[in-house]
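Quick note, the sequence shown lines up with residues 0 to 387 if you use numbering that gives the first Met the number 0. To keep things clear, I will list the structure first and then write my remarks on it.
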Amino acid sequence: MMAGNQARRIWVLGLCGMLAACGIGVGIAASAPAARTAPAPRQAPAASPATPLFAYYYIWFSRSSWSRAKKDLPLIGGYSSSDPAVLRHQIQQAKSAGIGGFIVSWKDTPLNDVRLRLLMTAAAQEHFKLAMIYQGLDFYRHPLPVSKVAADFVKFRDEFAPSPVFFRVDGKPLTIWSGTWAFSYDEVAQVTRAVRPGMLVLCTEKNVAGFDRVASITDGDAYYWSSVNPATQTGYQAKLDQMSQAVHREGKYWIAPLAPGFDARMVGGERIVPRNDGQTLRTEYATAARSSPNMLGLISWNEFSENSHVEPSKHYGYQSLDVLRTLHGTPAPNPASPTSSPAPALSPWPNVLRLSAFALALVAAVALLSYARRRHSHRRSGHRPIHR
């Protein structure tokens with residue numbers, strides 16, 4: 000029996016080796032007991048992968064933008080938001096880290112409209128979702144004329160929102176109005192009244208009182224809080240929880256913020272929130288996840304002026320995307336370079352060659368088994384094989 004088992008073992012190992020050489024994987028159960036491993040350390044609770052994770056995204060970049068107020072630069076170089084290859088590459092990178100969509104910053108200008116349409120095309124090609132955040136304040140943080148805001152929302156509803164690329168809740172495309180705190184109740188109502196029957200419009204209020212002021216004329220709150228320091232602001236979790244409770248009490252939609260760090264000194268700010276090797280992002284993710292969000296709002300994909308970007312960069316590399324993969328439970332494929340050619344069509348010949356190799360391996364394995372059996376038979380009958 001021992002010799003017979005040995006022959007069979009030789010045959011199995013030989014077959015597996017041949018199959019492996021052909022590129023065909025075979026698993027063999029180990030005979031030794033598996034080593035005991037120490038239990039994994041407890042981690043902060045994370046949002047369910049079913050909770051959408053969207054990143055705020057900006058389309059304002061030209062190639063000259065990168066020479067102004069930037070401490071860090073994209074790993075792919077100083078790009079233009081009008082480059083379709085860059086847009087598609089960014090979407091592929093975002094998807095690789097579990098980001099399901101971009102909340103794209105927009106207001107109606109000829110250039111923004113062109114870039115939004117380019118982004119919509121790239122997102123549709125990659126089966127990626129978009130939402131829109133309307134920039135209601137100008138460069139100096141002053142509110143735009145309410146007539147301009149109202150006209151822009153109507154244009155977005157009519158020309159962009161019907162596209163299936165936009166993320167929908169109960170069939171309605173999701174939009175956000177940045178800067179609602181700078182507008183009166185009547186002004187907010189003037190804008191939302193015209194578009195809310197077919198579109199969600201979330202406000203961006205910074206506290207419960209602000210949300211309560213406009214709760215009846217908006218569809219929830221997307222709190223854009225990029226400058227919080229979770230290591231020093233002890234009331235951070237409580238504030239997000241209070242905001243969430245207020246929004247959900249009204250039956251509205253809550254987008255919880257998280258960021259990897261912050262440094263706006265190049266654009267006149269003073270606050271610095273260090274990244275701490277990804278720990279800031281881990282903490283903010285867990286804090287946002289605990290606030291029962293309908294969506295996680297990552298600040299940001301590419302806000303390089305405030306250094307809240309997670310896009311791979313020359314200073315931080317892929318640090319933030321690697322952290323997000325761990326937190327959101329997503330495998331990390333290798334996105335193509337933005338300048339690379341499309342992958343060639345797959346040819347059937349590799350599979351044909353593998354099947355041929357498998358057949359040859361099988362014939363060789365049968366021959367090996369026959370040889371092992373003859374050898375065993377000779378040994379049992381007292382004969383030795385003849386060597387020439």
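Ideal placement from N, C-alpha and C gives every residue a C-beta, glycine not left out.
Quick one: Cα of residue i to Cα of residue j, how far?
i: Gly141; j: Ile58; result: What sits at residue 141 in the sequence shown is His, not Gly. Distance between the alpha carbons of His141 and Ile58 is about 20 Å.
i: Leu280; j: Pro311; result: 15 Å
i: Ile271; j: Pro109; result: 35 Å
i: Arg248; j: Gly268; result: 35 Å
i: Ile216; j: His314; result: 43 Å
i: Ala45; j: Leu297; result: Its pLDDT being 44, under 50, Ala45 is placed unreliably in this model, and the value from its coordinates should be taken loosely. Cα to Cα, Ala45 sits roughly 14 Å from Leu297.
i: Ser162; j: Ser307; result: 29 Å
i: Asp218; j: Pro196; result: 11 Å
i: Asp211; j: Asp137; result: 25 Å
i: Val113; j: Phe261; result: 30 Å
i: Leu143; j: Phe152; result: 13 Å
i: Gln318; j: Ile90; result: 17 Å
i: Lys94; j: Ala54; result: 11 Å
i: Val164; j: Gln124; result: 10 Å
i: Asp276; j: Leu201; result: 33 Å
i: Ser81; j: Val227; result: 32 Å
i: Leu115; j: Thr282; result: 32 Å
i: Ala149; j: Ser299; result: 26 Å
i: Ser66; j: Asn111; result: 21 Å
i: Ile132; j: Val168; result: 15 Å
i: Leu77; j: Gly99; result: Checking the sequence shown, residue 77 turns out to be Gly, not Leu. Cα to Cα, Gly77 sits roughly 24 Å from Gly99.
i: Ser243; j: Leu52; result: 17 Å
i: Phe60; j: Ala188; result: 32 Å
i: Gln241; j: Ser225; result: 18 Å
i: Ser64; j: Ala263; result: 16 Å
i: Ser104; j: Thr233; result: 30 Å
i: Tyr139; j: Asp185; result: 23 Å
i: His126; j: Phe166; result: 11 Å
i: Ser340; j: Val322; result: At Ser340, the pLDDT of 32 sits below 50, so the modelled position is not reliable; the number obtained from the coordinates is stated separately. Going from the Cα of Ser340 to the Cα of Val322 covers about 29 Å.
What are the partner residues of residue i, as DSSP defines its beta bridges?
i: Asp220; result: Cys202, Trp253
i: Lys411; result: There is simply no residue 411 to check, as the chain begins at 0 and stops at 387 in what is shown.
i: Leu295; result: Leu52, Ala255
i: Arg167; result: Pro172
i: Gln134; result: Ser177
i: Val207; result: In DSSP, Val207 forms no bridge with anything.
i: Val272; result: Phe261
i: Pro142; result: Leu136
i: Gly393; result: No information on residue 393 is available, as it lies outside the stretch 0 to 387 that the chain covers here.
Rounded to whole angstroms, how far is the Cβ of residue i from the Cβ of residue j, which I believe are closer than 8 Å?
i: Ser79; j: Gln134; result: With 8 Å as the limit, Ser79 and Gln134 do not qualify as a contact, their Cβ atoms being about 19 Å apart.
i: Leu129; j: Phe101; result: 6 Å
i: Val190; j: Ala245; result: Not confirmed; about 21 Å, so no contact.
i: Val266; j: Glu204; result: So it is not a contact: roughly 23 Å between Cβ atoms.
i: Lys154; j: Asp107; result: 5 Å
i: Pro259; j: Val309; result: 6 Å
i: Met198; j: Thr174; result: 6 Å
Does the distance from the CB of residue i to the CB of residue j come in under 8 Å?
i: Pro229; j: Tyr235; result: yes
i: Gly97; j: Arg289; result: no
i: Leu86; j: Leu118; result: yes
i: Trp180; j: Gly209; result: yes
i: Ala287; j: Ala237; result: no
i: Ala121; j: Pro83; result: yes
i: Asn301; j: Tyr56; result: yes
i: Tyr284; j: Leu326; result: yes
i: Lys251; j: Ala193; result: no
i: Gln92; j: Leu257; result: no
i: Arg147; j: Phe303; result: One point to set straight first is that residue 147 is Lys, not Arg, in the sequence displayed. No; because the gap between Cβ atoms is not below 8 Å, this pair is not in contact.
When every heavy atom of the ligand FMN is checked, does at least one fall within less than 7 Å of the C-beta of residue i?
i: Gly99; result: Because no ligand of any kind appears in the structure shown, any question about the ligand FMN cannot be addressed here.
For a minimum of 3 consecutive residues, which ranges assigned as the beta strand (DSSP E) are wholly contained in the stretch 71-119?
100-105
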